[in-house]
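Residue numbers (our numbering): 206 to 503. Cβ atoms here follow ideal geometry from the backbone N, Cα and C, with glycine treated the same way. Since the model is a prediction, treat every value here as computed from it, not as a measurement. Below is one structure, written out as structure tokens, with a few remarks after it.
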Amino acid sequence: MGVNLLQKLFFLLPLAYQSPSNDGTSQNTDWNFDQNGADWQGICATGFRQSPMKLSVDSSLIVPLPRIYFGNYDVPLKRPLTLVNKGYTADMTIPETRNGQKPFITGGLLKGRYVAEGVHFHWGSPVTRGSEHVIDRRRFDVEMHIVHRSTRYEDLTEALNHIDGVAVLGVMFKIVRNPHRAYPGLRKIFNAVPDIVEYGAEMDLPGSLTLGQLLGDLNTRDFFTYKGSLTTPECNEAVTWTVFADPLPISLADISKLWILQDSNGNLIRNNYRELQPRNNRPVFYRTNKDLSNFYLG
Ligand SMILES: [Zn+2]
Numbered sequence: 206m207g208v209n210l211l212q213k214l215f216f217l218l219p220l221a222y223q224s225p226s227n228d229g230t231s232q233n234t235d236w237n238f239d240q241n242g243a244d245w246q247g248i249c250a251t252g253f254r255q256s257p258m259k260l261s262v263d264s265s266l267i268v269p270l271p272r273i274y275f276g277n278y279d280v281p282l283k284r285p286l287t288l289v290n291k292g293y294t295a296d297m298t299i300p301e302t303r304n305g306q307k308p309f310i311t312g313g314l315l316k317g318r319y320v321a322e323g324v325h326f327h328w329g330s331p332v333t334r335g336s337e338h339v340i341d342r343r344r345f346d347v348e349m350h351i352v353h354r355s356t357r358y359e360d361l362t363e364a365l366n367h368i369d370g371v372a373v374l375g376v377m378f379k380i381v382r383n384p385h386r387a388y389p390g391l392r393k394i395f396n397a398v399p400d401i402v403e404y405g406a407e408m409d410l411p412g413s414l415t416l417g418q419l420l421g422d423l424n425t426r427d428f429f430t431y432k433g434s435l436t437t438p439e440c441n442e443a444v445t446w447t448v449f450a451d452p453l454p455i456s457l458a459d460i461s462k463l464w465i466l467q468d469s470n471g472n473l474i475r476n477n478y479r480e481l482q483p484r485n486n487r488p489v490f491y492r493t494n495k496d497l498s499n500f501y502l503g
């Protein structure tokens, strides 16, 4: 073990000084998920619209919102996606598509277009589930976030200063024994995870992808939506959340790869989800294609 630790130190020292990744922000954070965010005082906003939240159909306003419209989600991206170990998550910056535009979303509660900026994940451990949002009292194994920025603002940094600046899509993953569906986009990501074990490591995903391929055959018609915040410092209250109600089935073999990722100290990144935040009477809307008539008859 002693030799092993020494080897680790030699590997980690240069990594700690590696240049920041493509988006130019510093990755060596002074916070972590050891207490799931309970110790983020001073670096996290403290308003009444924090995320994540407990979501449930029976505490939501069921309204006929438009479905989410996915623009350029089916157009191949210009560059390969690069998966990066940021020390607290596995992250990808979204490039333009081959038509020179960015994938974008609108619909739901969103006013105008929101272009895709990045994708990252929250997960648990071999004995815990790690989604951030809890749906009908259920925490899922993994939650994927696709972060979008309103085209009203120049960049993500600027958008984070505005209440309507950012839109995040939340997608739940559920471990199933024999997934009967294969998702080529997600497959490529999970295959690359073992290549980014150390903090700062990067790996290009092979071949061309569309952003839509990360959604597989997700049911995007049923979702919860509400106004909240980033779930990592500085917890800016700039986010319109759209959390899809149904999970994607993923194999244990794929999800368990996330459990071996390491932070800048060589510790395993596990349970990188923020604790649930108070709702503070915020309205949560539920949009569905399902027939809920029996629900009311109860
Ligand atoms: Zn997130």
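- At least 8 Å separates the beta-carbon of P308 from that of L374.
- Buried is the label assigned to A450, since at least 16 other Cβ atoms lie within 10 Å of its Cβ.
- Pairwise C-beta distances place the region 309-322 in contact with the region 261-277, as three or more of them are shorter than 8 Å.
- In the structure shown, N290 adopts extended strand secondary structure according to DSSP, grouped into three states.
- Here V332 is exposed. Its C-beta has fewer than 16 other C-beta atoms within 10 Å.
- The region 433-443 makes no contact with the region 452-463, as fewer than three CB pairs between them are under 8 Å.
- Closest in C-alpha terms to S265, from the list R284, H327, D427, L361, comes D427.
- Pairing L481 with V339 gives a Cβ-Cβ distance under 8 Å.
- Annotation for A243: E480 place their beta carbon closer than 7 Å to its own, counting only its chain and skipping 5 residues before and after.
- Taking 8 Å as the cut-off, the beta carbon of G335 is found closer than this to the beta carbon of H327.
- In the three-state reduction of the DSSP assignment, W464 falls in the helix class, which pools H, G and I.
- Under DSSP, I351 forms a beta bridge with V324, L374.
- Put simply, the residues with a CB less than 6 Å from any heavy atom of ligand 1 are H325, H327, H350, T436, in chain order.
- In the structure shown, L416 adopts helical secondary structure according to DSSP, grouped into three states.
- Using a Cβ distance threshold of 8 Å, V376 and L466 do not count as a contacting pair.
- Following the DSSP letters along the chain, one finds T298 inside the beta strand (DSSP E) bounded by residues 295-298.
- Residues D451 of the same chain have their beta carbon placed closer than 6 Å to that of N424, with the five preceding and five following residues left out of the count.
- Taking a contact to require three or more Cβ pairs closer than 8 Å, the region 403-413 and the region 286-303 qualify as touching.
- Excluding residues up to 5 positions away in sequence, G421, D422, P454 lie with their Cβ nearer than 8 Å to the Cβ of R386 in the same chain.
- When only Cα atoms are considered, R492 and N470 end up about 42 Å apart.
- CA-CA distance, V489 to P257, rounds to 12 Å.
- Contact between P285 and L410 holds, since their C-beta atoms are separated by about 5 Å, short of 8 Å.
- A372 is positioned such that its CB atom lies no closer than 8 Å to that of I460.
- In this structure, the straight-line span from the alpha carbon of R357 to that of H367 is close to 10 Å.
- Distances from the CA of P483 to each of W245, R354, R254, L457 were compared; the closest alpha carbon is that of R254.
- Annotation: the region 242-282 contains no complete segment of the alpha helix (DSSP H) (minimum length 4 residues).
- Across the structure, K432 and V448 are spaced so that their CA atoms are roughly 11 Å apart.
- With a contact defined as Cβ atoms closer than 8 Å, G323 and D296 qualify at about 6 Å.
- G335 sits in coil when the DSSP states are folded into three classes, being neither helix nor strand.
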